[in-house]
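Chemist: In my numbering, the protein residues as written are 1 to 206. All residues carry an ideal CB built from backbone N, CA and C; glycine is no exception.
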């Protein structure tokens with residue numbers, strides 16, 4: 001099989017894992033507007049975005065493919081990452097920030113999502129996704145590290161984010177040492193243990 005096919009397969013496997021993690025976390029709460037609830041929704045959006053990515057790579061990323069169809073699946077994938085980013089921001093807010101500021105953070109997050117959605121639909125540059133996601137995940141990481149001493153921080157989530165950075169570095173560097181698995185497939189494989197860490201970290205938020 002070609003690298004593209006393996007990318008699609010590993011993407012879909014990762015999506016299945018994300019859905020499983022989201023389901024296991026949501027089964028433990030009825031309060032979704034909580035740190036744990038928002039984290040569970042972030043995992044759901046992660047699953048949806050990786051599912052859309054798998055469909056994109058598997059069925060539309062072809063020389064003879066439907067270019068309009070690929071635009072829909074690619075933009076859909078990007079927009080779903082925006083939903084995930086908002087949920088991560090709200091999870092961090094509900095976990096670490098005093099309650100009187102929660103509404104402000106929600107408003108800022110919604111404006112960020114709106115601006116990102118407009119830019120994602122107007123441009124074909126993946127950079128817009130990175131610029132939307134990176135500040136939030138860095139804030140999430142820093143708050144968790146600083147919160148370790150008080151008991152609010154979470155080592156599982158810190159480790160999961162660090163593994164995510166490793167996966168992103170492998171993808172960005174286009175590491176190609178396991179042909180026919182290319183850097184995209186390696187990204188998906190490295191993200192799989194990160195999701196295990198995100199599950200155990202998410203359990204501690206409830």
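Report the option in 175, 13, 91 and 192 whose CA atom is closest to the CA atom of residue 38.
Modeler: 91
Chemist: Going by C-alpha distance, which of 202, 197, 95 and 180 is nearest residue 3?
Modeler: 180
Chemist: Rounded to whole angstroms, what is the Cα-Cα separation between residue 77 and residue 50?
Modeler: For residue 77 and residue 50, the distance between alpha carbons rounds to 7 Å.
Chemist: What residues match up with residue 181 in a beta bridge as DSSP calls it?
Modeler: 178
Chemist: According to the neighbour-count rule (16 or more other Cβ atoms, all chains shown, within 10 Å of its Cβ), is residue 87 buried or exposed?
Modeler: By the 10 Å Cβ count, residue 87 comes out buried.
Chemist: DSSP state of residue 32, grouped into three classes?
Modeler: coil
Chemist: To the nearest angstrom, how far is it from the Cα of residue 139 to the Cα of residue 44?
Modeler: If I take the Cα positions, the gap works out to 21 Å.
Chemist: Restricting to Cα atoms, I'd like to know which of 175, 174, 147 and 142 is closest to residue 162.
Modeler: 142
Chemist: Below 8 Å on the Cβ atoms is my guess for residue 71 versus residue 52; work out the distance and round it to an integer in Å.
Modeler: A Cβ-Cβ separation of about 12 Å leaves residue 71 out of contact with residue 52 under the 8 Å criterion.
Chemist: Within 10 angstroms of its Cβ, does residue 81 collect 16 or more other Cβ (buried), or is it exposed?
Modeler: buried
Chemist: Tell me which residue opens and which closes the alpha helix (DSSP H) that residue 132 is part of.
Modeler: Counted as a single uninterrupted DSSP element, the alpha helix (DSSP H) harbouring residue 132 occupies residues 127-146.
Chemist: Does residue 98 come out as helix, strand or coil in the three-state DSSP assignment?
Modeler: coil
Chemist: Does DSSP classify residue 204 as helix, strand or coil?
Modeler: coil
Chemist: Whole-angstrom Cβ separation of residue 136 and residue 89, contact assumed at under 8 Å?
Modeler: Rounded, the Cβ-Cβ distance is 5 Å, consistent with contact.
Chemist: Please say whether residue 85 and residue 154 have beta carbons closer to each other than 9 Å?
Modeler: no
Chemist: Which same chain residues, not among the five before or five after residue 192, have their C-beta less than 7 Å away from its C-beta?
Modeler: So the qualifying residues of the chain are 14 and 17.
Chemist: Measure the CB-CB distance between residue 41 and residue 30 and report whether it falls below 9 Å.
Modeler: Residue 41 is not a Cβ neighbour of residue 30, given a cutoff of 9 Å.
Chemist: Using C-beta distances below 6 Å, list every residue in its chain close to residue 157, excluding the 5 sequence neighbours before and after it, in chain order.
Modeler: 144 and 201
Chemist: Return the CA-CA distance between residue 1 and residue 8, expressed in angstroms with no decimal places.
Modeler: Distance between the alpha carbons of residue 1 and residue 8 is about 11 Å.
Chemist: Might you give, ordered along the chain, the residues of its own chain that have their beta carbon closer than 6 Å to the beta carbon of residue 199, omitting 5 neighbours on each side?
Modeler: 21
Chemist: Where does residue 205 land, buried or exposed, given buried means 16+ other C-beta within 10 angstroms?
Modeler: buried
Chemist: Looking at residue 94: is its Cβ nearer than 9 Å to the Cβ of residue 150?
Modeler: no
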